[in-house]
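*Asks:*
There are 2 protein chains.
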Amino acid sequence: MLAVERRRLIAESVRSRGVVSVSEMAETLGTTEITLRRDLRAMAKDGLLVRTHGGAVQPASLGHEPSYYEKSGQASTEKAAIARLAFGMIRPGDSILLGPGTTTLALARLLVAFPELTVVTNSLLVAQALMEAPRVEVILTGGTLRRSIHALVGPATEDSVRALRASQAFISGNGFSAERGLSTPSPLVAATDRALAGAAQQVVVLADHTKIGQETMCQTVPTARIHTLITDSKAQPGALNAIREAGVDVRVAEVGKREQIAGATA
Amino acid sequence: MLAVERRRLIAESVRSRGVVSVSEMAETLGTTEITLRRDLRAMAKDGLLVRTHGGAVQPASLGHEPSYYEKSGQASTEKAAIARLAFGMIRPGDSILLGPGTTTLALARLLVAFPELTVVTNSLLVAQALMEAPRVEVILTGGTLRRSIHALVGPATEDSVRALRASQAFISGNGFSAERGLSTPSPLVAATDRALAGAAQQVVVLADHTKIGQETMCQTVPTARIHTLITDSKAQPGALNAIREAGVDVRVAEVGKREQIAGATA
DNA sequence: TCGCTATTGATTGAAAATGATCGATACGGT
DNA sequence: ACCGTATCGATCATTTTCAATCAATAGCGA
Numbered sequence: 713m714l715a716v717e718r719r720r721l722i723a724e725s726v727r728s729r730g731v732v733s734v735s736e737m738a739e740t741l742g743t744t745e746i747t748l749r750r751d752l753r754a755m756a757k758d759g760l761l762v763r764t765h766g767g768a769v770q771p772a773s774l775g776h777e778p779s780y781y782e783k784s785g786q787a788s789t790e791k792a793a794i795a796r797l798a799f800g801m802i803r804p805g806d807s808i809l810l811g812p813g814t815t816t817l818a819l820a821r822l823l824v825a826f827p828e829l830t831v832v833t834n835s836l837l838v839a840q841a842l843m844e845a846p847r848v849e850v851i852l853t854g855g856t857l858r859r860s861i862h863a864l865v866g867p868a869t870e871d872s873v874r875a876l877r878a879s880q881a882f883i884s885g886n887g888f889s890a891e892r893g894l895s896t897p898s899p900l901v902a903a904t905d906r907a908l909a910g911a912a913q914q915v916v917v918l919a920d921h922t923k924i925g926q927e928t929m930c931q932t933v934p935t936a937r938i939h940t941l942i943t944d945s946k947a948q949p950g951a952l953n954a955i956r957e958a959g960v961d962v963r964v965a966e967v968g969k970r971e972q973i974a975g976a977t978a
Numbered sequence: 713m714l715a716v717e718r719r720r721l722i723a724e725s726v727r728s729r730g731v732v733s734v735s736e737m738a739e740t741l742g743t744t745e746i747t748l749r750r751d752l753r754a755m756a757k758d759g760l761l762v763r764t765h766g767g768a769v770q771p772a773s774l775g776h777e778p779s780y781y782e783k784s785g786q787a788s789t790e791k792a793a794i795a796r797l798a799f800g801m802i803r804p805g806d807s808i809l810l811g812p813g814t815t816t817l818a819l820a821r822l823l824v825a826f827p828e829l830t831v832v833t834n835s836l837l838v839a840q841a842l843m844e845a846p847r848v849e850v851i852l853t854g855g856t857l858r859r860s861i862h863a864l865v866g867p868a869t870e871d872s873v874r875a876l877r878a879s880q881a882f883i884s885g886n887g888f889s890a891e892r893g894l895s896t897p898s899p900l901v902a903a904t905d906r907a908l909a910g911a912a913q914q915v916v917v918l919a920d921h922t923k924i925g926q927e928t929m930c931q932t933v934p935t936a937r938i939h940t941l942i943t944d945s946k947a948q949p950g951a952l953n954a955i956r957e958a959g960v961d962v963r964v965a966e967v968g969k970r971e972q973i974a975g976a977t978a
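Line by line, the protein sequences are chains A and B. Here the first sequence is numbered in our numbering, starting from 713 and rising by one per residue. Here the second sequence is numbered in our numbering, starting from 713 and rising by one per residue.
(1) Starting from Glu903 of chain B, find everything on chain A with Cβ-Cβ shorter than 7 Å and list it in chain order.
(2) Straight-line CA distance for Leu864 of chain B to Thr856 of chain B?
(3) Tell me which same chain residues have a C-beta within less than 8 Å of the C-beta of Val726 of chain A, skipping the five on either side of it?
(4) Just to make sure I have the definition right: I need the residues of chain A whose C-beta is within less than 8 Å of the C-beta of Ile851 of chain B. Which are they?
(5) Counting contacts by CB-CB distance shorter than 8 Å, is Met843 of chain A in contact with chain B?
(6) Taking 8 Å as the CB-CB limit, is Glu828 of chain B close to chain A?
(7) For the beta strand (DSSP E) containing Gly910 of chain A, name the first residue and the last one.
(8) Which class does Ala936 of chain B belong to by DSSP, given the choice of helix, strand or coil?
(9) State the DSSP-derived secondary structure class of Gly925 of chain B, mapped to helix, strand or coil.
(10) Only counting runs of 3 or more residues, tell me where the beta strand (DSSP E) segments fall wholly within the stretch 780–853 of chain B, in order along the chain.
(11) State the Cα-Cα distance for the pair Arg956 of chain A and Thr940 of chain A, rounded to the nearest angstrom.
(12) When you compare only the Cα positions, how much space is there between Leu800 of chain B and Gly742 of chain B?
(13) Just to confirm, are Thr932 of chain A and Ala902 of chain A a CB contact at a threshold of 8 Å?
(14) Which bits of chain A does Ala1001 of chain B rub up against, with CB to CB less than 7 Å?
(15) Taking Cβ-Cβ distances shorter than 9 Å, what residues in chain B pair up with Leu836 of chain A?
(16) Compute the distance between the beta-carbons of Ile794 of chain A and Ile802 of chain A, then report whether it is under 8 Å.
(17) Let me know the secondary structure DSSP gives Val716 of chain B once reduced to three states.
(18) From the beta carbon of Val717 of chain B, is the nearest beta carbon of chain A less than 8 Å away?
(19) Would a C-beta distance cut-off of 8 Å place Thr928 of chain B and Ser895 of chain B closer than the cut-off?
(20) If we cut at 8 Å on Cβ distances, does Ala878 of chain B have a partner in chain A?
(21) Within 8 Å of any Cβ in chain A, is that where the Cβ of Pro899 of chain B sits?
(22) Taking 8 Å as the cut-off, does the stretch 816–836 of chain A touch the stretch 805–823 of chain B (at least 3 CB pairs, one atom from each stretch)?
(23) Can you tell me whether Ala974 of chain A is helix, strand or coil according to DSSP?
(24) Among residues of its own chain, excluding the 5 on either side of Gln688 of chain A, which ones have a beta-carbon nearer than 8 Å to its beta-carbon?
(25) Please classify Val734 of chain A: does DSSP put it in a helix, a strand, or coil?
(26) By Cβ distance, which residues of its chain are closer than 7 Å to Pro934 of chain B, with the 5 residues on each side in sequence left out?
(27) Compute the Euclidean distance between the alpha carbons of Pro897 of chain A and Ser728 of chain A, then round it to the nearest angstrom.
(28) Per DSSP, which one or two residues make a beta bridge with Gly855 of chain B?
(29) Give me, in chain order, the residues of the same chain whose beta-carbon lies closer than 8 Å to that of Asp961 of chain B; leave out the 5 immediate sequence neighbours on both sides.
(30) Residues of chain A with CB closer than 7 Å to the CB of Ser945 of chain B, please, in chain order.
(31) Using 8 Å as the threshold, is the C-beta distance between Ser788 of chain A and Pro812 of chain A below it?
(32) Are the C-beta atoms of Gly993 of chain A and some chain B residue less than 8 Å apart?
(33) Report the neighbours of Leu864 of chain B on chain A: residues whose CB is nearer than 8 Å to its CB, in chain order.
(34) Spell out whether any CB of chain B is found under 8 Å from the CB atom of Gly730 of chain A.
(35) Taking only beta-carbon atoms, is Val769 of chain A less than 8 Å away from chain B?
(36) In this structure, does DSSP put Ser728 of chain A in helix, strand or coil?
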């Protein structure tokens with residue numbers, strides 16, 4: 713196992729669980745505690761985690777809750793623009809799938825006044841947002857709660873998604889490139905996203921410019937399976953063109969444009 | 713278990729419950745009272761809590777979390793007492809089912825520092841409360857969102873519950889009498905509650921005094937299927953006796969009694 | 001092939017955390 | 001006010017974890 717690989721796993725573990733123990737990680741990674749301590753020491757110097765006796769914890773600066781709301785803060789105007797463009801693709805009477813993520817959450821918030829719609833989601837935040845939408849039928853997939861993203865993942869989620877069929881799936885991720893398609897750091901989340909994509913006739917990826925051209929550990933959906941990408945105008949044109957040439961319908965949301973929304977809601 | 717992890721659990725517990733006892737925490741965290749005392753002393757020095765005999769309380773400065781306790785509304789002290797009694801029935805390593813309702817929600821809030829537990833629920837509020845419980849694995853059933861009770865119901869919920877088996881189910885309802893058993897106004901909710909009860913070896917009903925002797929439209933679980941009823945001391949003795957004679961183990965929570973928590977040990 | 005370097009594993013003494021015992025103290029019931 | 005019980009604090013022993021130094025291995029270039 714490569715050192716970078718190991719450290720990425722450590723970082724992932726810290727991010728998802730908040731704490732890691734030296735002995736436990738040494739066992740799961742199949743290495744010695746000495747090496748683990750060295751890794752932790754190096755990562756602590758870079759501020760990725762805080763060393764404690766027997767392990768390490770997430771630095772307070774990116775603790776659980778803050779990280780998520782912080783994330784929803786960054787590039788929020790772009791996310792809102794992307795959500796508005798996606799909103800224009802939804803028709804009354806549709807059944808759609810919404811994955812976890814701040815962008816899909818922004819889309820869910822636009823649906824409060826939608827006339828007739830069925831939404832399947834594995835995100836608790838999306839479900840919560842749609843609590844306010846009286847005419848939207850909300851179906852939550854089952855599954856194991858993953859705290860870091862406020863969503864349900866795992867085999868149970870995949871099973872319940874497999875039983876469904878929707879016209880469109882709106883999903884997100886941590887990176888999107890022409891070669892790797894949509895990707896995310898966690899294998900569990902990746903498998904779940906893949907199931908969501910598999911249940912829809914049309915797969916729409918919502919990804920702001922910070923994700924375009926990025927590649928993270930686990931591929932969730934290959935580019936060939938993705939019909940539409942909605943991103944914002946700050947995305948690298950090069951990466952965008954490569955994606956376009958791979959056969960994806962790329963749409964760029966202009967920050968500030970509102971007319972997409974006019975018809976259905978207001 | 714890491715020291716930091718332990719202290720974080722203590723902090724969570726203090727924050728959500730307002731008070732912790734040394735003996736109880738030592739039991740649930742699987743450590744000795746000496747260590748707990750040391751933790752409490754250190755945390756008291758940092759102002760995270762105030763030391764008392766046998767435990768610690770929340771510092772006045774951090775006062776009540778907004779709307780945490782008060783929000784439960786009517787009969788909230790009774791509900792809390794019922795929840796504490798139910799808490800004593802849960803053992804580390806258990807798998808339990810939690811239905812929707814404010815009383816089961818109160819129980820969920822007591823579980824923030826529980827050492828090892830799997831909770832299956834169809835209530836979004838319960839899932840949200842357990843977001844703070846890092847050592848509790850939360851499994852949400854799938855299903856259609858019913859807004860009025862913030863819970864998932866319907867055939868999908870029943871299917872996903874059927875695939876599971878738990879040691880105990882803690883469920884609630886709108887009425888409970890010896891003849892009709894547990895009942896609720898909605899057939900959909902009733903069917904879901906019935907599925908929950910069917911997946912557990914032991915069915916525990918949490919019902920405050922306002923529900924005892926009441927009968928509403930749809931029976932969820934017949935009396936014969938219910939092993940234990942936990943209610944409060946304001947319940948009508950007559951109705952309670954009838955239930956007891958029907959073979960249900962009736963336990964009455966005394967408002968204000970806190971040693972029931974220590975009863976988790978006994 | 002040789003030697004260099006980076007990474008990993010082992011050993012050891014120090015430090016920290018935990019657990020146990022014991023005398024002192026506070027609380028609750030009578 | 002009294003006494004029994006439970007809790008507390010302090011000290012010591014034990015276990016675990018840590019950091020530093022040294023040895024071994026693999027990769028790399030000359």
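Beta carbons are placed, not taken as given, at the ideal position from N, Cα and C, and that holds for glycine.
*Replies:* Looking at the atomic coordinates:
(1) Before going further, note that residue 903 of chain B is Ala rather than Glu in the sequence given. Here the premise fails: no neighbours, minimum Cβ distance about 16 Å.
(2) Thr856 of chain B has its alpha-carbon roughly 5 Å from the corresponding atom of Leu864 of chain B.
(3) By the criterion of a C-beta distance shorter than 8 Å, Val726 of chain A is surrounded in its chain by Val732, Leu760, Leu761, Ala768, Val769 and Gln770, once the five residues flanking it on both sides are discounted.
(4) Result: Gly854, Gly855, Thr856, Leu857 and Ala868.
(5) Yes, because at least one Cβ of chain B sits closer than 8 Å to the Cβ of Met843 of chain A.
(6) For Glu828 of chain B, the answer is no, since every Cβ of chain A falls outside 8 Å of its Cβ.
(7) Taken as a continuous stretch (DSSP letters only), Gly910 of chain A belongs to no beta strand (DSSP E), being part of the alpha helix (DSSP H) at Pro899 to Gly910.
(8) In the three-state scheme derived from DSSP, where H, G and I count as helix and E and B as strand, Ala936 of chain B is classed as helix.
(9) Coil, per DSSP.
(10) Taken in chain order, the complete beta strand (DSSP E) segments of 3 residues or longer contained in the stretch 780–853 of chain B are 807–810, 829–833 and 848–852.
(11) Between the C-alpha atoms of Arg956 of chain A and Thr940 of chain A there is a straight-line separation of about 9 Å.
(12) The amino acid occupying residue 800 of chain B in the given sequence is Gly; Leu does not appear at that position. Answer to the nearest angstrom: the Cα atoms are 16 Å apart.
(13) Cβ atoms of Thr932 of chain A and Ala902 of chain A: closer than 8 Å.
(14) Only positions 713 to 978 of chain B appear in this structure, which leaves residue 1001 of chain B out of reach.
(15) Within chain B, the residues near Leu836 of chain A are Leu836, Ala839, Gln840, Met843 and Leu852.
(16) Taking 8 Å as the Cβ cut-off, Ile794 of chain A and Ile802 of chain A do not qualify as a contacting pair.
(17) In this structure, Val716 of chain B counts as helix in the three-state DSSP scheme.
(18) The question names Val, yet the displayed sequence has Glu at residue 717 of chain B. It does; some Cβ of chain A falls within 8 Å.
(19) Contact flag set, yes.
(20) By this cut-off, Ala878 of chain B is not an interface position.
(21) False, the Cβ-Cβ gap to chain A never drops below 8 Å.
(22) At 8 Å Cβ cutoff, the stretches do not touch.
(23) Any reading at Ala974 of chain A must be qualified, since the residue scores a pLDDT of 42, below 50, and its modelled position is unreliable; the value itself is stated next. Collapsing the DSSP output to three states places Ala974 of chain A in a helix.
(24) Outside the shown range of chain A, which is 713 to 978, sits residue 688 of chain A, and nothing can be said about it.
(25) Helix.
(26) Take Pro934 of chain B, set aside five residues on each side of it, and the residues of its chain with a beta-carbon closer than 7 Å to its own are Gly893, in chain order.
(27) Pro897 of chain A and Ser728 of chain A have their alpha carbons spaced roughly 10 Å apart.
(28) Per DSSP, A:Leu852.
(29) His939, Thr940 and Leu941, listed in sequence order.
(30) Residues of chain A passing the Cβ test: none, with the nearest at roughly 35 Å.
(31) Not closer than 8 Å, so no.
(32) In the structure displayed, chain A extends from 713 to 978; residue 993 of chain A sits before or after that span and is not available.
(33) Simply Leu852.
(34) Yes, because at least one Cβ of chain B sits closer than 8 Å to the Cβ of Gly730 of chain A.
(35) Yes, contact with chain B.
(36) Ser728 of chain A falls in the helix class under three-state DSSP.
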